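Student:
Next comes the structure, spelled out in structure tokens:
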């Protein structure tokens, strides 16, 4: 039975001392003397004995190593505070094996599919661009071979019919929820007839508990041609654009010429003809690399479109061995770029939650403040757990329950839980006549993955707040290593970074808590 | 007002200007519950006493600035629920109905309204707590097909508990059909039957239909007690082959009835029982003395910080519960307008309506008078149905702090 201390000691950049208790879910500042007592506790020392030894004898102040000199009265005060906190559940231990013992069942997977948020179709596996960093490009080898295939409408409809049965069943726990129908590629607009046919098909489906909404990720090159249709059907558009002409120079045609001017022309055409639609339904994603910076991206999108894009770093998972050097030369880190911005406060004001450091603090507050809950049930369960002191077991890792967020159908009819993971992790298949999904097998597969990582998860100091997806860890290889594993020191440093940010920017605490919502 | 959930201690500073000024500064967003105190401030006896009190009750601390290199912070308790209804309504990509059915945890169904008893409490008590009720307007029974359809809809819902009530449920003509539905489907929730003790007389055969491993009983007891029938019922429960374990609910409207109930409990060695105060319109004194809260009651209750947070946005007493009356009307609270009708509206529509427009599951003191102006609002228990019955929200002896 693996037991870990439920609390972590933290020293901020200003040398202020805090503790985070994951069982009670609370992060608090503490007096240096209380911190010292907690260090003793963490080292396994008998605090009661220490206190008795220290306070025996005359009433002279006591020198405490690396802490200061304190009157016995003070020491007694913090010893009492320590005991009060302990009595109320602080500073206990967690049986991580029990805590991470939950596993998936076939019913869980089926229920998850019946409650999925999005269905995304890989409309085509080819593109009218050849971006250097593309997930289906030279850097990666974890996708099916690109053979200029198109997903057949019949296959898509077969899957939609299958899904409708589940969505209209009592397994669906929502009413009036939006179901996103997404179109992805390659470049999806290269097969516009497919999109048109599926949109028409979806519009006549009888959805009992859902309403639908269409989304698309596009490189923008064919926007002008099809914008009437997209606007008429209120598509939520995500346009890939990395910034100005130089920033965007990895986005090239197959002949190597830059695509920027063409993309811009199309985007401007859409903006001019449908300004309201552009304002409310069009967003941008800027891929971050060694030819752009946060400052560039901020300036470009603010001045051109008065919008702030999402920024995504290149994905290091699935990079082929032979391309690693070139990949890492292309790769850039958003956080590092932030430190170089001259007018950071303006960028922060405009981009706020899109910035990784703010996202990091927001995640920290979500996970460690004790004041953030996902929904009302989460709040009421926490209330119950607080009374009993027992934490409900949870699934290991931060991997989504399969199909909880989305279902991705590849051009070859593979069914995946997400478009961002390798195609070798297919969970089922669909063709023009049937859907093959074995929920029992899917649950078993995931459970095996969880068991593979069990030893690492049980040793992790931050398992309760894990965001690591197993599919980004080469989970199907022997001895996969979790990159997100925290030992106590690493967790302490991570928490110190977030707290240090808030110490320096206390006004953002309230802003994050009041304004930032889960996506 | 300051409250420490670890100790239950409450500290109040209402007319103390120096302290109020300090606290306002302390709580400002740029200070985050940490502020520097000057020598001059500390020499103010009121401030000094305040600091001493806060420290003495572990509600705050004082640290010499020489021990830090810069101002620390404390996490201010801002409650944030990502899927809070008011927030979702402002977020176009989300819907109020998102995963809404997983909030449904308990349903009470009044399968009929027929009863031959003539209890004084009938028609009123069910509006204050879970209790049988009958109508004077004729006999009503829930449509069995609509019930079947309801349970079908509930298959994917994580329901914890089903309460079954009447009238006299044993007079329900479709009782066996109802049981067939409950036994036939894989419904894993707790099933609890509420029945007046007098309606148990001579019902040995009917009780066989409710095995103890699937059903539990809440026996309602009103006064004046019919002693012979009472002892008959106890004998029945004791010897019944189903080994029924009953929980007795004593419905109390006076001190005398409290005494009577206590005597029964002692005399008959009853282990499982509860007292339910009933407001009959004439016993306000009884309520003021035995139900109304004072400051000591709040301190003794010692709500945890999560309980306090939960009460800021939901009513934990009623959240996730629905009642289906014998006329088919569905309510989140029987004191609030109906949300739908069994057979006409799906359970999805009903739950969605409550989340979207209703005011029962999220009926909180922060939104009602005079509680929303009271300093102790956060510490008070959730609004119950007694507030409806007595026509006031503040069932307490605590002065308002406006």
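Protein chains in written order, with our numbering: chain A, 1 to 519; chain B, 1001 to 1402.
We put the beta carbon where it would ideally sit given N, CA and C, even for glycine.
Just so it is clear, the structure is predicted and the values come from calculations on it, not from any experiment.
Output, in sequence order along the chain, the residues in the stretch 360–378 of chain A whose CB is closer than 9 Å to any CB in chain B.
Tutor: 365, 366, 368, 369, 370, 371, 372, 373, 374, 375, 376, 377 and 378
Student: Going residue by residue through the stretch 192–276 of chain A, where are the continuous beta strand (DSSP E) segments of at least 3 residues, counting only ones entirely within it?
Tutor: 210–218 and 236–240
Student: Apart from the five residues on each side of it in sequence, which residues of its chain come closer than 6 Å, Cβ to Cβ, to residue 347/A?
Tutor: 298 and 341
Student: Reducing DSSP to helix, strand and coil, say where residue 1305/B ends up.
Tutor: In the three-state scheme derived from DSSP, where H, G and I count as helix and E and B as strand, residue 1305/B is classed as helix.
Student: Near residue 508/A, which residues of its chain fall below 6 Å by C-beta distance, leaving aside the five closest residues on each side in sequence?
Tutor: Nothing meets the Cβ criterion.
Student: Inspect the beta-carbon positions of residue 177/A and residue 1086/B and report whether they are closer than 8 Å.
Tutor: no
Student: Quick one: grab the DSSP three-state call for residue 1229/B.
Tutor: helix
Student: Report yes if the CB atom of residue 484/A is closer than 8 Å to the CB atom of residue 466/A, and no otherwise.
Tutor: Contact: yes.
Student: Suppose you measure from the CA of residue 114/A to the CA of residue 1083/B; what does that come to, to the nearest Å?
Tutor: So the two alpha carbons sit approximately 20 Å from each other.
Student: Could you check where the beta strand (DSSP E) with residue 89/A kicks off and where it finishes?
Tutor: Per DSSP, residue 89/A belongs to no beta strand (DSSP E) and is neither H nor E.
Student: Going by C-alpha distance, which of 158/A, 170/A, 153/A and 179/A is nearest residue 196/A?
Tutor: 153/A
Student: Does the Cβ of residue 329/A have 16 or more other Cβ atoms within 10 Å, making it buried, or fewer, making it exposed?
Tutor: exposed
Student: Does the CB of residue 1016/B have a neighbour CB from chain A at under 8 Å?
Tutor: no
Student: Does the beta carbon of residue 309/A come closer than 8 Å to any beta carbon on chain B?
Tutor: no
Student: Between the stretch 298–311 of chain A and the stretch 120–135 of chain A, do three or more beta carbon pairs fall short of 8 Å?
Tutor: no
Student: Among 230/A, 161/A and 321/A, which residue has its Cα nearest to the Cα of residue 205/A?
Tutor: 161/A
Student: Can you tell me which of the three DSSP states residue 190/A falls into?
Tutor: helix
Student: For the stretch 68–85 of chain A against the stretch 371–384 of chain A, do three or more pairs of beta-carbon atoms, one drawn from each stretch, fall closer than 8 Å, so that the two count as touching?
Tutor: no
Student: For the alpha helix (DSSP H) that contains residue 1410/B, what are its first and last residues?
Tutor: Nothing can be reported for residue 1410/B, as the shown portion of chain B is limited to 1001 through 1402.
Student: If you measure from the beta carbon of residue 1149/B to each beta carbon in chain A, is any gap under 8 Å?
Tutor: no
Student: So, at 7 Å on beta carbons, what are the nonlocal neighbours of residue 1034/B in its own chain, with the 5 sequence-adjacent residues on each side left out?
Tutor: For residue 1034/B, the CB contacts under 7 Å within the same chain, skipping 5 residues up- and downstream, are 1071, 1072, 1073 and 1074 in chain order.
Student: Give the straight-line distance between the Cα atoms of residue 421/A and residue 1324/B, rounded to the nearest whole angstrom.
Tutor: 47 Å
Student: Would you say residue 39/A lies against chain B (beta-carbon separation less than 8 Å)?
Tutor: With a threshold of 8 Å between beta carbons, residue 39/A makes no contact with chain B.
Student: Are residue 1360/B and residue 1389/B close, meaning C-beta to C-beta below 8 Å?
Tutor: no
Student: Return the bridge partner residues of residue 340/A from the DSSP annotation.
Tutor: Paired residues: none, contrary to the question.
Student: Between the stretch 1154–1186 of chain B and chain A, which residues of the former have CB atoms less than 9 Å from a CB of the latter, in chain order?
Tutor: 1154, 1155, 1156, 1157 and 1158
Student: With 16 other CB atoms within 10 Å as the buried threshold, where does residue 1401/B fall?
Tutor: Low local confidence applies: a pLDDT of 45 at residue 1401/B is under 50, so the model's placement there is unreliable, with the coordinate-based value given in what follows. So residue 1401/B counts as exposed.
Student: Using C-beta distances below 7 Å, list every residue in its chain close to residue 1055/B, excluding the 5 sequence neighbours before and after it, in chain order.
Tutor: 1061 and 1062
Student: From what residue to what residue does the beta strand (DSSP E) around residue 1110/B run?
Tutor: 1106–1110
Student: If we define contact as Cβ-Cβ less than 8 Å, is residue 170/A a contact residue for chain B?
Tutor: Output row for residue 170/A: interface = yes.
Student: Ignoring anything shorter than 3 residues or poking outside the stretch 1152–1191 of chain B, list the beta strand (DSSP E) runs there in chain order.
Tutor: 1161–1165
Student: Over what stretch of residues does the alpha helix (DSSP H) that includes residue 362/A continue unbroken?
Tutor: 356–368
Student: Checking contacts by CB at 8 Å: is residue 88/A closer than that to chain B?
Tutor: By this cut-off, residue 88/A is an interface position.
Student: Report yes if the CB atom of residue 150/A is closer than 8 Å to the CB atom of residue 90/A, and no otherwise.
Tutor: no
Student: State buried or exposed for residue 1214/B, treating a residue as buried only when at least 16 other CB atoms are found within 10 Å of its CB.
Tutor: exposed
Student: Pairing CB atoms from the stretch 1104–1121 of chain B with CB atoms from the stretch 1154–1173 of chain B, are three or more of them under 8 Å?
Tutor: yes
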